[in-house]
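Numbering (the working numbering), first residue to last: 566 to 955.
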């Protein structure tokens, strides 16, 4: 499936979802653990795609970890880390119900509470308020069948599970709990032949475009800052077992897959049914001209990496990690000059090693894959479903 192909068939796109096609996954069962992103629309889109990967890939187990975000119903509260357990349960009921409806065969794992939030509460997206009206369908009231991180660890430790794939498209807190329970996790990550795809990081040669907020280092990106300690643990595991890392930055996503508004997203991705409703709820007027499904760029990059090199352009960069805060992840061109911007971005960081950083992903491949996934989701949510098991 070359990048120049303008008439890809349905079968071509479906093969992207079959991880055993053109991949290095060993015999035995493979476990894909998706770091769930339950607020953003694109978190649900990649959730559905994980379900389709499971259907297309022989002997694959799919686990989706839903983090508990710091939640507070009072938008006037000034403490950004204020947490209301009762409201948090409402948030999890909505997000968990949506994931269960969209991903009926997935193991839906309840992740730990995020350690940190930096967004003022008046700007935080409220799942009960915005997605709640979408969940009136009685099927969304069915049991979520939450699993625990210990349940996930038991699957990782099974002898018949020979490889594990994880991504960082959402909060990574579960890793801090999982690694001590799974002595062979690093070896199984390496055995998959796939990188850990990280939707985070900033480019050293440019000034960070992250939102300036009190208590936030501008070099710290969202997926990493929720659990900086977990990021450090993941990096230690990757270093110990020589697991490759593939970084996808916001800069790349903004350049590759930006839409004007919700209707533009719906049209280009051929969204229908529940995904269409979620897109309408997420991409409000405040995102006019900057609707970017960041996680979809990262997810597609993970799928095509090494398997379809014509659809993905990457470069080698040096990863520098904050010495006091591992959510600071800076990607430097090893051949670049030490400009004032570079030196400022590297302040108080330590060289981790070389990683791959995505330069571009074939836009048409991303669109066509999203259309296939959306169609499958619409067909599935209109029919019967069952909850997942391993």
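By construction, the Cβ of each residue, glycine as well, lies at the ideal position given by its N, Cα and C atoms.
Give me, in chain order, the residues of the same chain whose beta-carbon lies closer than 8 Å to that of residue 831; leave out the 5 immediate sequence neighbours on both sides. As a first step, residue 831 is located in the chain shown; it is residue number 266 there, counting from the start. Closer than 8 Å at Cβ, skipping near neighbours: 841, 844 and 845.
Please name the residue, chosen from 749, 721 and 643, that lies closest to residue 688 on a Cα-to-Cα basis. For the purposes of this step, residue 688 is taken as residue 123 along the chain shown, with counting starting at 1. The candidate whose alpha carbon is nearest that of residue 688 is 643.
I need the boundaries of the beta strand (DSSP E) containing residue 759, first residue and last residue. Along the chain shown, read from residue 1 onward, the residue named residue 759 stands at position 194. It is not in any beta strand (DSSP E) - residue 759 carries neither H nor E in the DSSP assignment.
Can you tell which of 894, 622, 603 and 608 has the C-alpha that lies nearest to the C-alpha of residue 592? Position 27 of the chain shown holds residue 592. Cα-wise, what sits closest to residue 592 is 622.
If you draw a straight line from the C-alpha of residue 868 to the C-alpha of residue 612, how long is it? In the chain shown, residue 868 corresponds to position 303, counting from 1. In the chain shown, residue 612 corresponds to position 47, counting from 1. Roughly 14 Å between the two C-alpha positions.
Under a three-way DSSP split, which group does residue 806 fall into? Counting from one through the chain shown, the residue named residue 806 turns up at place 241. In the structure shown, residue 806 adopts helical secondary structure according to DSSP, grouped into three states.
In three-state terms, what does DSSP make of residue 801? Position 236 of the chain shown holds residue 801. Looking at residue 801 - three-state DSSP - the assignment turns out to be helix.
Residue 568 - DSSP class collapsed to helix/strand/coil: Looking up residue 568 in the chain shown gives position 3. Note that residue 568 scores 42 on pLDDT, short of 50, meaning its location in the model is unreliable; the coordinates nonetheless yield the value given after this. Three-state DSSP puts residue 568 in coil, outside helix and strand.
Judging by CA-CA distance, which residue of 883, 677, 685 and 659 is the nearest neighbour of residue 640? In the chain shown, the residue the question calls residue 640 occupies position 75. The residue with the shortest Cα to Cα distance from residue 640 is 685.
How would you call residue 860, buried or exposed, if buried means at least 16 neighbouring beta carbons within 10 angstroms? Locating residue 860 in the chain shown gives position 295, where the first residue counts as 1. Around the beta-carbon of residue 860, 16 or more other beta-carbon atoms lie within 10 Å, marking it buried.
Do residue 746 and residue 715 count as a contact pair if the criterion is CB distance below 8 Å? Within the chain shown, the letter at position 150 stands for residue 715. Within the chain shown, the letter at position 181 stands for residue 746. In this structure, residue 746 lies closer than 8 Å to residue 715 by Cβ.
Neighbour-count burial assignment, residue 945, 16 or more Cβ in a 10 Å radius: Mapped onto the chain shown, residue 945 falls at position 380. Burial call: buried.
In chain order, each beta strand (DSSP E) run of at least 3 residues that lies wholly inside the segment 580-648: Complete beta strand (DSSP E) runs here, min 3: 594-600 and 625-633.
Suppose contacts are defined by Cβ-Cβ distances below 8 Å. Is residue 661 in contact with residue 736 by that definition? In the chain shown, the residue the question calls residue 661 occupies position 96. In the chain shown, the residue the question calls residue 736 occupies position 171. For residue 661 and residue 736, no; Cβs fall outside 8 Å.
For residue 852, the nearest candidate out of 636, 891 and 606 (CA to CA): Translated into positions along the chain shown, residue 852 becomes position 287. When only C-alpha atoms are compared, the closest one is 606.
Per the contact definition of three or more C-beta pairs closer than 8 Å, is the segment 802-818 in contact with the segment 574-590? Result no; under three Cβ-Cβ pairs closer than 8 Å.
Using the three-state DSSP reduction, which class does residue 958 fall into: helix, strand or coil? Beyond the ends of the chain as shown, which are 566 and 955, falls residue 958; an answer cannot be given.
If residue 821 and residue 757 are in contact, beta carbons under 8 Å, what's the gap, nearest whole angstrom? For the purposes of this step, residue 821 is taken as residue 256 along the chain shown, with counting starting at 1. For the purposes of this step, residue 757 is taken as residue 192 along the chain shown, with counting starting at 1. At roughly 25 Å, the Cβ-Cβ gap does not stay under 8 Å, so residue 821 and residue 757 are not in contact.
Alpha helix (DSSP H) segment containing residue 904, residue limits: Reading the chain shown from its first residue, position 339 is the one you call residue 904. Run containing residue 904: none; DSSP gives neither H nor E here.
Under 8 Å: do the segment 874-883 and the segment 724-738 share three or more Cβ pairs, one atom per stretch? no
For the pair the segment 911-925 and the segment 895-902, tell me if three or more CB-CB distances fall below 8 Å. yes
Can you give me the C-alpha to C-alpha distance between residue 952 and residue 594, rounded to a whole angstrom? For the purposes of this step, residue 952 is identified with residue 387 of the chain shown, where counting begins at 1. For the purposes of this step, residue 594 is identified with residue 29 of the chain shown, where counting begins at 1. Confidence at residue 952 is low in this model, with a pLDDT of 45, below 50, so its placement is unreliable and no value can be given for it.
Please name the residue in 791, 765, 637 and 862 whose C-alpha comes closest to that of residue 834. Counting from one through the chain shown, the residue named residue 834 turns up at place 269. Of the candidates 791, 765, 637 and 862, the one whose C-alpha sits nearest the C-alpha of residue 834 is 862.
Sequence-distant residues of the same chain with beta carbon closer than 8 Å to residue 720, five excluded per side: Residue numbering aside, residue 720 sits at position 155 when the chain shown is read from its first letter. Contacts found: 596, 626, 628, 672, 726 and 955.
Starting from residue 842 and walking both ways along the beta strand (DSSP E), at which residues does that stretch end? Here residue 842 refers to the residue found at position 277 when the chain shown is read from its first residue. Residue 842 -> not in any beta strand (DSSP E); alpha helix (DSSP H) instead, spanning 838-847.
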